[in-house]
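First up is the structure itself, then whatever we jot down about it.
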Amino acid sequence: MFAGDHTILPGTSIFINVFALHRNEKHFENPEKFDPDRFLEENKKDRHRFAFVPFSAGSRNCIGQKFAMIVLKIAVATLIKTYRVKSIDPEEKLGLVGEIVLNALNGIHVTLEERA
496 MFAGDHTILP GTSIFINVFA LHRNEKHFEN PEKFDPDRFL EENKKDRHRF
546 AFVPFSAGSR NCIGQKFAMI VLKIAVATLI KTYRVKSIDP EEKLGLVGEI
596 VLNALNGIHV TLEERA
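Just so we're on the same page, my numbering is the position in the sequence shown counted from 1, plus 495.
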């Protein structure tokens with residue numbers, strides 16, 4: 496198989512840098528900005544369908560993707576409805592490490608302030 500000028504031999508493992516893909520300005524305007532609206536249907540209609548692949552993509556993607564997204568939406572909505580969440584550490588000191596998922600080397604430390 497050929498990919499550009501490269502030959503890919505049978506049995507070769509190929510990994511996609513999802514962290515970089517999800518921060519590619521070709522697919523996401525201001526990719527470092529927190530903007531949940533970028534995932535609304537009207538804002539993603541012109542985006543390549545494999546530009547955002549947190550659960551893989553194609554016929555062998557994660558079977559639990561829809562369930563996970565529902566659970567995450569409920570958990571995050573409940574959390575931010577109940578508390579103000581503030582990071583203790585600045586982003587540049589998180590020490591991100593790429594594993595199966597992106598992790599902070601020493602965890603992410605936050606304070607929770609109950610909303611009135």
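For each residue, glycine too, the CB sits at the ideal point set by N, CA and C. Predicted, not measured: the structure shown is a model, and the values here were computed from it.
Legend entry - Backbone CA spacing between residue 609 and residue 591 [nearest angstrom]: The residue you call residue 609 lines up with position 114 of the sequence shown. The residue you call residue 591 lines up with position 96 of the sequence shown. Their Cα atoms are separated by approximately 28 Å.
Legend entry - Alpha-carbon to alpha-carbon, residue 568 and residue 562: For the purposes of this step, residue 562 is identified with residue 67 of the sequence shown, where counting begins at 1. For the purposes of this step, residue 568 is identified with residue 73 of the sequence shown, where counting begins at 1. The alpha-carbon atoms of residue 562 and residue 568 are separated by roughly 10 Å.
Legend entry - Cutoff 8 Å; reference residue 603; Cβ partners in own chain excluding five residues on either side: Mapped onto the sequence shown, residue 603 falls at position 108. Once the five neighbours on either side are set aside, the close Cβ partners of residue 603 are 582, 584 and 589.
Inset, instruction - Return helix, strand or coil for residue 579, following the three-state DSSP convention. - result: Residue numbering aside, residue 579 sits at position 84 when the sequence shown is read from its first letter. Residue 579 falls in the strand class under three-state DSSP.
Inset, instruction - Would you give the residue range spanned by the alpha helix (DSSP H) that residue 537 belongs to? - result: One-based indexing of the sequence shown puts residue 537 at position 42. Taken as a continuous stretch (DSSP letters only), the alpha helix (DSSP H) holding residue 537 covers 536-539.
Legend entry - Simplified DSSP state of residue 587, which is helix, strand or coil: Against the sequence shown, residue 587 aligns to sequence position 92. If DSSP states are grouped into helix, strand and coil, residue 587 belongs with the helices.
Inset, instruction - Go ahead and pull the three-state DSSP assignment for residue 504. - result: The sequence position of residue 504 within the sequence shown is 9, counting from 1. Looking at residue 504 - three-state DSSP - the assignment turns out to be coil, as it is neither helix nor strand.
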